[in-house]
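Please read the structure below before turning to the comments.
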Amino acid sequence: MKSNALLAAGLTSLMWGLTGIFVRLLPPLSALPVTAGRLLVALVVVLPVLGLLRSSRRSFKSALGCPVAYVLALLLTGYYLLATAAFQMAPVAEVALLLSSPPFFVLIFRRVRGAIPDRAEIAGAVLAVAGITLILGSKMSFTGELPVHHLTGKLLAICAAGLAAFYAYMYRILAERGSAPETMGVAFLTFGLGGFILVLILGLVPTPSGWGALNGDALLVFLGLGVLSTAIPTIGFAVASRHLPAIVTAMISLFIPLFAGIFAFLVLGERLTPMFIPGGMLVLGGVAMILRQDRDKAND
């Protein structure tokens, strides 16, 4: 099962790496309708699974009766909303760098609970984030003046990273205690509950949604955003969070800028920075250190 969870983690980072492409191809929309739309599209896509598979229905019913499943669903909904808003308010490279910080949050959470992180885990996290910084450094702005909306976007990105890390950390602790909700049930709740709450907010708060700018091409992009960058990675992240150590799951975020850069090069024609390959090697080296440490612990 652990190998399947690692595959789910890899697929999650791959699919989340597509998010920026879809958002760039959408017409100007605020973060609220974009997040609500992607969650509702994901819900519509997975509903047939709920109807056809008895195990999925059983998983969903079990999650409905588990209070912590609602907390997990809201954490991931918050991540989607805050990350989307951050990309719209601050430079993409800087937001991507901040969103790659969940490994540090996981190490902090563990330290708060009295567990001292291993040196290899700390070194691996530092090495990987250094690689991301090397890749994105040339795209970051270092002007003296910092607009308020840029600062707000960066703060939102940090909060989003914290939510993703807490989701992975909390899910893993529950799994170790034997009380973790089923992954498909959490995914269904994320799409349904998260989408419902955001649509409710859209209805109550009179803000321009920008839905009128949607055309046929934009709807196809929304479909891709909902299926490829929401439905699939939400399920994959839940599987990884339940079956892998939280620090390993948190490393998913470090691959997202790598995949995003590759997709931007292939789809949008954006140039890769000269530091992409050496930075990518540092990321891979850092992740390998953490995975090796986890394997050594399992063999002890």
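Quick note on numbering: full-length UniProt numbering labels position 29 of the sequence shown as 29, and the sequence is numbered without any gaps. Even for Gly, the Cβ is constructed at its ideal location relative to N, Cα and C. Since the structure is predicted, the reported quantities are computational estimates derived from the model, not experimental observations.
Among 237, 289, 266, the one whose alpha carbon lies nearest that of residue 6: With distances taken between CA atoms, residue 6 lies nearest to 237 out of 237, 289, 266.
Cβ pair residue 36, residue 225 closer than 8 Å: Taking 8 Å as the Cβ cut-off, residue 36 and residue 225 do not qualify as a contacting pair.
Endpoints, alpha helix (DSSP H) assigned at residue 68: In the DSSP assignment, residue 68 falls within the unbroken alpha helix (DSSP H) covering 67-89.
Am I right that residue 268 and residue 116 are in contact with their C-beta atoms under 8 Å? What's the rounded C-beta distance? In fact, because the Cβ distance is near 44 Å, the residues do not count as touching under 8 Å.
Unbroken alpha helix (DSSP H) run spanning residue 197, endpoints: That run of the alpha helix (DSSP H) goes 183-204.
Since residue 57 is in the alpha helix (DSSP H), which residue starts that stretch and which ends it? Going by DSSP, residue 57 is part of the alpha helix (DSSP H) stretching over 54-64.
Can the beta-carbon of residue 258 be found less than 8 Å from the beta-carbon of residue 130? Between residue 258 and residue 130, the C-beta spacing is not below 8 Å.
To the nearest angstrom, how far is the alpha carbon of residue 103 from that of residue 165? Near 7 Å, if we compare the C-alpha coordinates of residue 165 and residue 103.
Backbone secondary structure at residue 176 - three-state DSSP: In the structure shown, residue 176 adopts helical secondary structure according to DSSP, grouped into three states.
Can you look up residue 242 in the DSSP assignment and give me helix, strand or coil? Judged by DSSP in its simplified three-state form, residue 242 adopts helix.
Say whether the stretch 107-121 touches the stretch 179-199, bearing in mind that this needs 3 or more beta-carbon pairs closer than 8 Å, one atom from each stretch. No, they do not touch.
Report yes or no: do the stretch 39-47 and the stretch 86-101 share at least 3 C-beta pairs separated by less than 8 Å? Segments in contact, no.
Inter-stretch contact (C-beta, 8 Å, three-pair minimum) for the stretch 49-57 and the stretch 230-250: The stretch 49-57 vs the stretch 230-250: no contact.
Measure the alpha-carbon distance for residue 50 versus residue 60 and round it to whole angstroms. Their Cα atoms are separated by approximately 8 Å.
Does the stretch 151-169 come into contact with the stretch 69-82, if we say contact requires no fewer than three beta-carbon pairs (one atom in each stretch) closer than 8 Å? Counting Cβ pairs under 8 Å, three or more are found: they touch.
Going by C-alpha to C-alpha distance, which of 200, 276, 260 sits closest to residue 135? For residue 135, the nearest C-alpha among the options comes from 276.
Using 8 Å for Cβ pairs, my map puts residue 240 next to residue 256. What's the rounded Cβ distance? Contact doesn't hold; Cβ gap of about 14 Å is too wide.
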